[in-house]
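K.L.:
Number of protein chains: 2
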Amino acid sequence: MKTMNAAVTYAKENGERFVDELKALLRIPSISTDPERTADVRRAAEFVAAELRRIGMENVRLIETSTPETVLAPSSGPAQVVAAREGHPLVYADYLHAADVDGKAATTVLLYGHYDVQPPEPLDKWKTPPFEPTERDGNIYARGAVDDKGQMWMHVKALESLFAAGGGRLPVNVRVIVEGEEEVGGEGIAEFVREHPDELAADVALVSDSEMFAPDLPTLCVGLRGMIYTEIEARGARTDLHSGMYGGAAPNPFVALAQIIAGLKDDSGHITIPGFYDKVSPPSAAELKAWRELPFDEEHYRETEVGSTVLTGEAGFSVLERTWARPALDVHGIAGGFTGAGAKTVIPSRALAKVSMRLVPDQKPMEAFAQYKAYVEKICPKGIALEVRLIHSGDPIAVSTDNPYVRAATSAMHTVFAKETVFIRSGGSIPIVGDFIRELGIPSILMGFGLPDDNLHAPNEKFHLANFHRGIESIVRFLASVGEA
Amino acid sequence: MKTMNAAVTYAKENGERFVDELKALLRIPSISTDPERTADVRRAAEFVAAELRRIGMENVRLIETSTPETVLAPSSGPAQVVAAREGHPLVYADYLHAADVDGKAATTVLLYGHYDVQPPEPLDKWKTPPFEPTERDGNIYARGAVDDKGQMWMHVKALESLFAAGGGRLPVNVRVIVEGEEEVGGEGIAEFVREHPDELAADVALVSDSEMFAPDLPTLCVGLRGMIYTEIEARGARTDLHSGMYGGAAPNPFVALAQIIAGLKDDSGHITIPGFYDKVSPPSAAELKAWRELPFDEEHYRETEVGSTVLTGEAGFSVLERTWARPALDVHGIAGGFTGAGAKTVIPSRALAKVSMRLVPDQKPMEAFAQYKAYVEKICPKGIALEVRLIHSGDPIAVSTDNPYVRAATSAMHTVFAKETVFIRSGGSIPIVGDFIRELGIPSILMGFGLPDDNLHAPNEKFHLANFHRGIESIVRFLASVGEA
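Chains U and F, in that order, are what the protein sequence lines are.
Counting in my numbering, the first sequence runs from -17 upward without gaps.
Counting in my numbering, the second sequence runs from -17 upward without gaps.
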């Protein structure tokens, strides 16, 4: 308790410096999907490693990764690995000298975060540049502010505070793993977890890459949707053709993709892929009841968060059910052809759609992809050749609330926020949580401090600075409490 | 006859130089749709004007144009002109001193062509660069080789040959009008024809912007499809959203556009817009019979021209009917969202589809657009706001074969090719032909020398050099014959 309180005081006294350090990290455009930013991504990794070393963590190192790119043939057949691209490094650190507690080995907590960010486009929508962090109205605006540099930095600063309060010792064993490919599928860390589980051996993982249900409402996330991110490439004529000469005879891959995409949902927003819902496990009655009691107003959400005339999605389910506990299908972009100003009368020879599906317990990504691929090929219009590729995938997750770490987390947040924690799910995907369950056999505590209007993956991403500081205090209390210090 | 033969001899003796001059013109990247090429477009106009001046044409000048950009509001209401952009200049020249024939005023022929070209993209598909004209296998490869710089140059070189043979006089009155916006809708010339019909007063127009049905088969085109080129802009959420958090609740403009596009055609390729076919006038039984006798093999066409596994389009019609005498609908590109390498899990706030329809006699472009717009708005999924814009349009055309100019043209080509002329239609649109009918009250002779495999609007556009020379001779003979010289 003494260490805990001293660490909380330290964090409060050094809060401004912590924000300044975060700004320096946010200035690095570590966009993992952009091959031209490879050096910046590495610079961010080195920045994090240097700080972990400075505060007292041990065995700090960058772990190189590589990512096989998998292509699936249009007809059924085995997946083919066509290329291995160089991945972005993992940052690893540990401290494994915590004192035994009552004769039992100290608990080990695995802290996970990521230092890579989404692309900032469209740039003209940002009020201040995405890589020039700016404070406004109690928030810090920058790409990665909340997802996930700001939240990952809370972990580092909580560790620094505990080291300072403990005279260079931590009250609990800690391993830190920070990845640089979360926004592009995280294949590198998945492979590392799979191949080197001993190096990450722990009792529980702490993941801060999610959000609070509402401002001032401490939240633990106990469910995540999984996903499959795919590309459908459609080819028609051998070469681009003139739509005057050939319109009415040549297949148009854009029209074909439109017909395929339109065929994936019915009028009520239900996904039409045969078998797709077979494994969907509905939330319990108790869970549904708790969701109904959350401070959530669909009309307010529509107006303030989405800003569309009406909400869409599957008929017969509430917004929270639709975004937390039901699959969804979205199209992210359609490449090819002519999209410049003016008119070009071309029937393009090819077009490519980026289509993803969110999955819920107990759907299996590989099975869902196989169902999707077979159906897309079945409804493909004549004259069009398809290639359906899986870009990446992640398991849906349900976290048990019945463990001491959940109790430690709710207790820590209760002290900081003076409120009971709510248990929610998230519509997003954090594939690593599934990897930790499957490969390390450990649960994850999803203690996130983002807010629903933080503009995740969008222009003007922000992080509420009060939550940055409350997050550090909560993590300090959680770690000290798990170590019973 | 003497002048005609001397001109033909001159053209043959100077053929190589004519090709060299054409190459110089083809090196100018006069891409009318690209605002960054404005200076190059003007340079091409000046190149053509200088040559017209050199060969002896009079009153040579550039005519400046401006193009109003029209936007139609999503709800019904009047079209709004939102901006007038500067247009590309017209090139005008005339020679109006031809001798009377048998006491009657000499005939005046209006020669039309265009010096602007389509964008060359995708650049990596060109075997040699699009603006470095290259001779290969008896062809000249370059953007604009056949569409329309090469064919327009035939007109200029036929005039030069007639001037040379006639001692500085032409056997027929000639006006030349060459535009620089054919590939972007030709609003500038349309406005000029509408507002200054006296300055283009003529008896007949000669347009060489079409193709021969087969190599060595002299062809007159007597029907053209019209078109409406549109944009559908779909807006959903106020800003880009994360597909994890919002997938299942936020409207997706790409899915909406896919559903709209898929809703525009039924399974048999029939356009489903209510009333769209009401004004469609079928070809005559005689015309259909003549088409069946043309040397055309659908399987050969599929394999060599289209290169797709099967042909598509409306069931129950032959390929020639589908591409010449039936409406068609094509999508040229869909802009917005994320189309880069890798994965970005975004629900974009907006997406834009470029959709065009080819029209046939007696459809009216404005009526067809109104039907389309109303239907698109009707089938728009909930939660999506639309803006449906008309980018440009052109009337479908049917040319009468019963006039002396058609006879002069067929006679000229018979001498050059030693074959009977076939009368075909084209699936493409040449809106100016409609303007000439409507505003000037004159028919057009569509005497084109392109070939079906000339890669119009596509990479590796070419012009068969033998046709360039035969085209010049045919035009010399046509003009001399119309002037009875």
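Built from N, CA and C at the ideal position, the CB exists for glycine as well.
Please state whether DSSP places His439(F) in a helix, a strand or coil.
P.N.:
In this structure, His439(F) counts as coil in the three-state DSSP scheme.
K.L.:
What three-state label does DSSP hand Lys86(U) in the structure shown?
P.N.:
Strand, per DSSP.
K.L.:
Return the residues of the region 285 to 309 of chain U that lie within a Cβ-Cβ distance of less than 7 Å from chain F, sorted by chain order.
P.N.:
Going along the region 285 to 309 of chain U in chain order, one finds Val288, Gly289, Ser290, Thr291, Val292, Leu293, Thr294, Gly295, Glu296, Val301, Arg304, Thr305, Arg308 with a Cβ nearer than 7 Å to chain F.
K.L.:
From the DSSP output, in three-state form, read off Tyr228(U) for me.
P.N.:
Residue state, collapsed to three classes: helix.
K.L.:
Please compile the residues from chain U whose C-beta is within a distance smaller than 8 Å of the C-beta of Tyr228(F).
P.N.:
What Tyr228(F) touches in chain U: Glu287, Val288, Thr305, Gly409.
K.L.:
Pro441(U) touches chain F at which residues, Cβ-Cβ below 9 Å?
P.N.:
Within 9 Å Cβ-Cβ: Thr221, Asp222.
K.L.:
May I ask which residues mark the beginning and end of the alpha helix (DSSP H) holding His252(U)?
P.N.:
Per DSSP, His252(U) belongs to no alpha helix (DSSP H) and is neither H nor E.
K.L.:
Touching or not, the region 99 to 108 of chain U and the region 193 to 212 of chain U, by the rule of three or more beta carbon pairs under 8 Å?
P.N.:
Judged by Cβ distances under 8 Å, the region 99 to 108 of chain U makes no contact with the region 193 to 212 of chain U, as fewer than three pairs qualify.
K.L.:
Drop a sphere of 10 angstroms on the beta-carbon of Gly150(U), count the other beta-carbons inside from all chains shown, and report buried for 16 or more, exposed for fewer.
P.N.:
Exposed, because fewer than 16 other Cβ atoms sit within 10 Å of the Cβ of Gly150(U).
K.L.:
Could you check whether the Cβ of Lys(-6)(U) sits closer than 8 Å to any Cβ belonging to chain F?
P.N.:
Chain F, which has no Cβ nearer than 8 Å to the Cβ of Lys(-6)(U), makes this no.
K.L.:
Between which two residues does the alpha helix (DSSP H) carrying Phe278(F) extend?
P.N.:
First-last for Phe278(F): undefined, no H or E at that position.
K.L.:
Taking the alpha helix (DSSP H) that Tyr(-8)(U) falls in, what are its first and last residues?
P.N.:
Start and end: -16 to -5.
K.L.:
Select from Ala232(U), Thr(-15)(U), Ala268(U), Glu349(U) the residue whose C-alpha is nearest the C-alpha of Pro378(U).
P.N.:
Closest by alpha carbon: Glu349(U).
K.L.:
Could one say the Cβ of Leu368(F) lies closer than 8 Å to chain U's Cβ atoms, at least one of them?
P.N.:
It does not: the Cβ of Leu368(F) has no partner Cβ on chain U nearer than 8 Å.
K.L.:
Would you be able to state if there are at least three C-beta pairs under 8 Å between the region 216 to 235 of chain F and the region 428 to 441 of chain F?
P.N.:
Because the criterion of three Cβ pairs below 8 Å is not met, the region 428 to 441 of chain F and the region 216 to 235 of chain F do not touch.
K.L.:
By the 8 Å beta-carbon criterion, what residues does the region 312 to 325 of chain F contribute toward chain U?
P.N.:
Cβ contacts with chain U: Asp312, Val313, His314, Gly315, Ile316, Ala317, Gly318, Gly319, Phe320, Thr321, Gly322, Ala323, Gly324, Ala325.
K.L.:
Taking just the CA atoms, how far does Ala80(F) sit from Arg176(F)?
P.N.:
Rounded to whole angstroms, Arg176(F) to Ala80(F) spans 26 Å at the Cα level.
K.L.:
Report all residues from its chain with a CB closer than 8 Å to the CB of Ile457(U); omit the five preceding and five following residues, and keep chain order.
P.N.:
So the qualifying residues of the chain are Met136, His137, Ala140, Leu188, Ser190, Ala394, Met429.
K.L.:
Pull out every residue of the region 167 to 187 of chain U whose Cβ sits closer than 7 Å to any Cβ of chain F, in chain order.
P.N.:
Here the close residues are Gly167.
K.L.:
Determine whether the beta carbon atoms of Gly453(U) and Phe431(U) lie at a separation below 8 Å.
P.N.:
Going by C-beta atoms, Gly453(U) is nearer than 8 Å to Phe431(U).
K.L.:
Rounded to the nearest angstrom, what separates Val64(U) and Arg9(F) at their Cα positions?
P.N.:
The predicted position of Val64(U) is uncertain, since its pLDDT is 44 and thus under 50; a value taken from the coordinates is nonetheless stated next. Cα to Cα, the separation comes out at about 40 Å.
K.L.:
Using a Cβ-Cβ distance cut-off of 8 Å, determine whether Thr47(F) contacts chain U.
P.N.:
Not one chain U Cβ lies under 8 Å of Thr47(F).
K.L.:
Please confirm whether Ile214(U) and Asp312(F) have their CB atoms less than 8 Å apart.
P.N.:
Not closer than 8 Å, so no.
K.L.:
Assign Arg389(F) to buried or exposed, taking buried as 16 or more other Cβ atoms, counted over all protein chains shown, within 10 Å of its Cβ.
P.N.:
Exposed, because fewer than 16 other Cβ atoms sit within 10 Å of the Cβ of Arg389(F).
K.L.:
According to the neighbour-count rule (16 or more other Cβ atoms, all chains shown, within 10 Å of its Cβ), is Glu33(F) buried or exposed?
P.N.:
So Glu33(F) counts as buried.
K.L.:
What are the residues that DSSP puts in a beta bridge with Gly469(U)?
P.N.:
Coverage of chain U is limited to positions -17 through 467, which leaves residue 469(U) absent and any answer about it impossible.
K.L.:
Taking the C-alpha atoms as reference points, what is the distance between Met39(U) and Leu93(U)?
P.N.:
Met39(U) and Leu93(U): Cα-Cα distance of roughly 12 Å.
K.L.:
Any C-beta of chain F within less than 9 Å: which residues of the region -4 to 29 of chain U qualify?
P.N.:
Listed by position along the chain: Ser14, Thr15, Asp16, Pro17.
K.L.:
With DSSP run on the structure shown, which of helix, strand or coil describes Gly501(U)?
P.N.:
The structure shown has nothing for residue 501(U), since chain U only spans -17 to 467.
K.L.:
With distances taken between CB atoms, is the gap from Arg459(F) to Thr397(F) smaller than 8 Å?
P.N.:
Yes, the Cβ-Cβ distance between Arg459(F) and Thr397(F) is below 8 Å.
K.L.:
Which residue comes first and which comes last in the beta strand (DSSP E) that contains His374(U)?
P.N.:
Here the beta strand (DSSP E) through His374(U) covers 367 to 376.
K.L.:
Does any CB atom of chain F fall closer than 8 Å to the CB of Ala350(U)?
P.N.:
Chain F contact via Cβ: absent.
K.L.:
Taking the alpha helix (DSSP H) that His451(F) belongs to, which residues open and close that run?
P.N.:
First-last of the alpha helix (DSSP H) with His451(F): 447 to 464.
K.L.:
Could you compute how far the alpha carbon of Ala333(F) sits from the alpha carbon of Asn449(U)?
P.N.:
Whole-angstrom Cα-Cα distance: 35 Å.
K.L.:
Would you give the residue range spanned by the alpha helix (DSSP H) that Asp417(F) belongs to?
P.N.:
Segment 413 to 417, the alpha helix (DSSP H) holding Asp417(F).
K.L.:
Identify whether Tyr97(F) lies in helix, strand or coil by the three-state DSSP scheme.
P.N.:
Of the three classes helix, strand and coil, the one that applies to Tyr97(F) here is coil, per DSSP.
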